[in-house]
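Visitor:
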Amino acid sequence: PYDYWEQYLTIETFLLTTILYASLAAVAVACAFLACELLSLGWAATDALQGAVVGAILIAAAIAASVVSVVGLLGWVGVPLSGISAMSSLCAVGFATEFAVHITHAFLASGASAAAARAEAA
Numbered sequence: 001p002y003d004y005w006e007q008y009l010t011i012e013t014f015l016l017t018t019i020l021y022a023s024l025a026a027v028a029v030a031c032a033f034l035a036c037e038l039l040s041l042g043w044a045a046t047d048a049l050q051g052a053v054v055g056a057i058l059i060a061a062a063i064a065a066s067v068v069s070v071v072g073l074l075g076w077v078g079v080p081l082s083g084i085s086a087m088s089s090l091c092a093v094g095f096a097t098e099f100a101v102h103i104t105h106a107f108l109a110s111g112a113s114a115a116a117a118r119a120e121a122a
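Here is the structure:
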């Protein structure tokens with residue numbers, strides 16, 4: 001049987017592994033969907049791929065900033081690492097991905113030619 005205390009033996013490696021896998025999966029899926037969306041908007045294949053890769057890098061940066069701030073804040077406040085705090089840290093990946101994908105998509109799919117106009121549209 002699985003005792004309650006056994007979760008603390010591997011919680012750090014479990015948290016890092018799941019956050020890494022979730023982040024990689026989110027970035028890969030976002031890159032694929034952004035490429036498909038940009039191709040459907042009439043972009044050239046190389047431009048769509050380049051836009052999707054740049055968008056995926058920006059999404060990865062947003063995920064990293066979110067995870068670092070959430071995990072850092074939990075540590076700074078003194079919240080002990082448990083299954084609940086690990087899951088809330090993992091949820092930060094999902095929330096950051098959802099937010100960043102929508103903003104990145106709106107920026108890339110905007111019809112404006114200047115970056116400032118695209119940022120206003122996003």
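First residue of the sequence shown? That's 1 in this note's numbering, and the numbers climb one at a time after it. Glycine included, each C-beta is placed from N, C-alpha and C at the ideal position.
#1: Have a look at Ser88, Ser113, Glu120, Trp5 and flag the residue whose alpha-carbon is nearest the alpha-carbon of threonine 18.
#2: For cysteine 36, count neighbouring C-beta atoms within 10 Å of its own C-beta (all shown protein chains included) and say buried if the count is 16 or more, exposed if not.
#3: Can you have a look at alanine 115 and say buried or exposed, based on whether 16 or more other CB atoms are within 10 angstroms of its CB?
#4: Return yes when the Cβ of alanine 22 is within less than 8 Å of the Cβ of valine 71, no when it is not.
#5: Cα-Cα, which of Ser110, Trp43, Ala48 is closest to alanine 30?
#6: Please state whether DSSP places glycine 111 in a helix, a strand or coil.
#7: Would you please state the rounded distance, in angstroms, between the beta carbons of alanine 86 and phenylalanine 33? I believe it to be under 8 Å.
#8: Determine the direct distance from the alpha carbon of isoleucine 103 to that of glutamate 120, and round the result to whole angstroms.
#9: Taking the C-alpha atoms as reference points, what is the distance between leucine 58 and alanine 100?
#10: Smallest Cα separation from alanine 56: which of Val27, His105, Ser66?
#11: Isoleucine 63: which of Cys91, Ala44, Ser40 sits nearest, CA to CA?
Guide: Checking against the coordinates, here is how it stands:
#1: The shortest C-alpha separation from threonine 18 is found at Ser88.
#2: exposed
#3: Result: exposed.
#4: No.
#5: Ala48
#6: coil
#7: Between phenylalanine 33 and alanine 86 the Cβ distance is about 27 Å, and since that is not below 8 Å, they are no contact.
#8: Straight-line measurement puts the Cα of isoleucine 103 at about 11 Å from the Cα of glutamate 120.
#9: 8 Å
#10: Val27
#11: Cys91
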